[in-house]
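So for the sequence shown, the numbering used here puts the first residue at 2; every next one is plus one.
Even for Gly, the Cβ is constructed at its ideal location relative to N, Cα and C.
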Amino acid sequence: MTMHVTAVENYKGGTAKTTTASNLAYELSCAGYRTLLVDMDPQQNAAYLLRAKPRKVNLENAITMKANVKKAIQRCVFSKNLFLLTGADGMDSLELNYIDLRFILDECREDYDYCIIDCNPGMTMLTVNALVAADDVIIPLVPDAFGAAGLEKIKDYIDQAREYNEGIRVIGCVATMFNGRASQLRTIRKIMEKNVIPVFDTCISDSEAVNTALERRKPISLHRSRSSAAKDYKDFTKEYVGRVNDGKPE
Ligand SMILES: Nc1ncnc2c1ncn2[C@@H]1O[C@H](COP(=O)(O)OP(=O)(O)OP(=O)(O)O)[C@@H](O)[C@H]1O
Ligand SMILES: [Mg+2]
2 MTMHVTAVEN YKGGTAKTTT ASNLAYELSC AGYRTLLVDM DPQQNAAYLL
52 RAKPRKVNLE NAITMKANVK KAIQRCVFSK NLFLLTGADG MDSLELNYID
102 LRFILDECRE DYDYCIIDCN PGMTMLTVNA LVAADDVIIP LVPDAFGAAG
152 LEKIKDYIDQ AREYNEGIRV IGCVATMFNG RASQLRTIRK IMEKNVIPVF
202 DTCISDSEAV NTALERRKPI SLHRSRSSAA KDYKDFTKEY VGRVNDGKPE
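In structure tokens:
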């Protein structure tokens with residue numbers, strides 16, 4: 002299979018984009034898929050969580066065409082199938098064209114099964130680059146009224162990206178920091194009833210193990226394999242693979 006590219010994106014900050022992108026990428030790699038995690042966020046949180054080493058040649062050099070992208074990729078210490086393309090904190094001041102990320106990822110299409118892009122919050126040229134490079138988008142959201150309202154905005158941005166990337170689709174939004182309380186369930190039901198954005202069946206439980214895994218700089222299933230969030234990210238990864246491949250020939 003040629004590389005399938007998914008952007009993990011939400012206009013809103015703090016919705017578990019990085020946690021979801023990093024753990025999804027790690028779980029995909031454990032399932033045997035060669036996976037590339039691209040950290041497009043100048044905060045470089047995914048790079049931190051997955052213990053990427055600073056490199057002379059990084060995403061910033063690759064995306065500005067100053068270096069070959071393959072030279073900027075490093076293997077993740079946690080999995081032989083997981084590779085990292087990480088940047089630098091000045092990335093938000095780069096002058097980019099909307100197509101630049103897509104262009105460099107084209108070089109890697111035959112090397113990986115999946116590419117997961119962790120995006121910055123807000124909508125900048127970096128996020129536009131991710132949406133133009135992606136086959137589809139996962140939207141992690143905290144299921145409350147603010148989260149639901151923010152969905153409209155991200156949906157508009159994805160619609161705008163269609164001008165440059167006709168085929169982009171929202172594979173689904175995923176409820177994160179899920180506590181099962183009535184207000185969260187109501188919010189999820191409302192999003193489902195609107196029927197505009199698909200919703201993953203798997204919700205990611207609110208779990209302190211996610212925060213301690215971040216402290217330890219580890220994927221959740223390596224840190225606390227029996228925690229609810231570790232199980233949820235495994236289920237979520239299976240559901241993601243199923244949704245990506247739904248309707249594709251074997
Ligand atoms: N399921 C969860 N249970 C408890 N805490 C969580 C969960 N998911 C994420 N968090 C915590 O929420 C915070 C924000 O998570 P994360 O950095 O993944 O969000 P983000 O959307 O990437 O943020 P940003 O918009 O800044 O990029 C972190 O402290 C993280 O540990
Ligand atoms: Mg983040």
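Problem set entry | Where residue 87 falls: helix, strand or coil (DSSP) | coil
For this session: Return the Cβ separation of residue 32 and residue 238 in integer angstroms, given the expectation that the two are a contact with Cβ distance under 8 Å.
Result: 7 Å
Exercise. Residue range of the beta strand (DSSP E) that residue 115 falls in?
Worked result: 115-119
Exercise. Across which residues does DSSP place residue 141 in a beta bridge pair?
Worked result: 175
Problem set entry | Between the CA atoms of residue 71 and residue 194 - distance to the nearest angstrom | 44 Å
Problem set entry | Nearest neighbour of residue 236, chosen from 4, 28, 145, 5 [CA to CA] | 28
Exercise. Buried or exposed: where does residue 184 fall if 16 or more other Cβ atoms within 10 Å of its Cβ makes it buried?
Worked result: exposed
For this session: May I ask you to check if the CB of residue 130 is nearer than 7 Å to at least one heavy atom of ligand 2?
Result: no
For this session: Could I get the ranges of all uninterrupted alpha helix (DSSP H) runs contained in the region 149-228, with 4 residues as the minimum, in chain order?
Result: 183-195, 209-217, 221-224
For this session: Please report the residue range of the beta strand (DSSP E) in which residue 8 lies.
Result: 5-9
Exercise. So, is residue 173 buried or exposed, given that buried needs 16 or more other C-beta atoms within 10 angstroms?
Worked result: buried
For this session: Starting from residue 112, follow the alpha helix (DSSP H) in both directions and report where the run begins and ends.
Result: Residue 112 -> no alpha helix (DSSP H), and no H or E assigned at all.
For this session: Pick out whichever of 232, 37, 175, 136 has its Cα sitting closest to the Cα of residue 76.
Result: 37
Exercise. Does DSSP classify residue 74 as helix, strand or coil?
Worked result: strand
For this session: Quick one: residues in its chain with C-beta nearer than 7 Å to the C-beta of residue 82, no 5 flanking neighbours on either side, listed in chain order?
Result: 30, 33, 34, 35, 36
Problem set entry | Environment of residue 90 [buried if 16+ CB atoms lie within 10 Å] | exposed
Exercise. Nearest to residue 57 by CA position, among 86, 120, 145, 20, is which residue?
Worked result: 86
For this session: Taking residue 116 as the reference, give the member of 191, 249, 50, 7 with the closest Cα.
Result: 7
For this session: Within its chain, find whatever has a CB closer than 6 Å to the CB of residue 23; leave out the 5 residues flanking it on each side and keep chain order.
Result: 47, 50, 51
Exercise. Quick one, are the C-beta atoms of residue 252 and residue 68 less than 8 Å apart?
Worked result: No statement about residue 252 is possible, as the shown extent of the chain runs from 2 to 251 and does not include it.
Problem set entry | Residue closest to residue 228, alpha-carbon to alpha-carbon, out of 10, 170, 205 | 205
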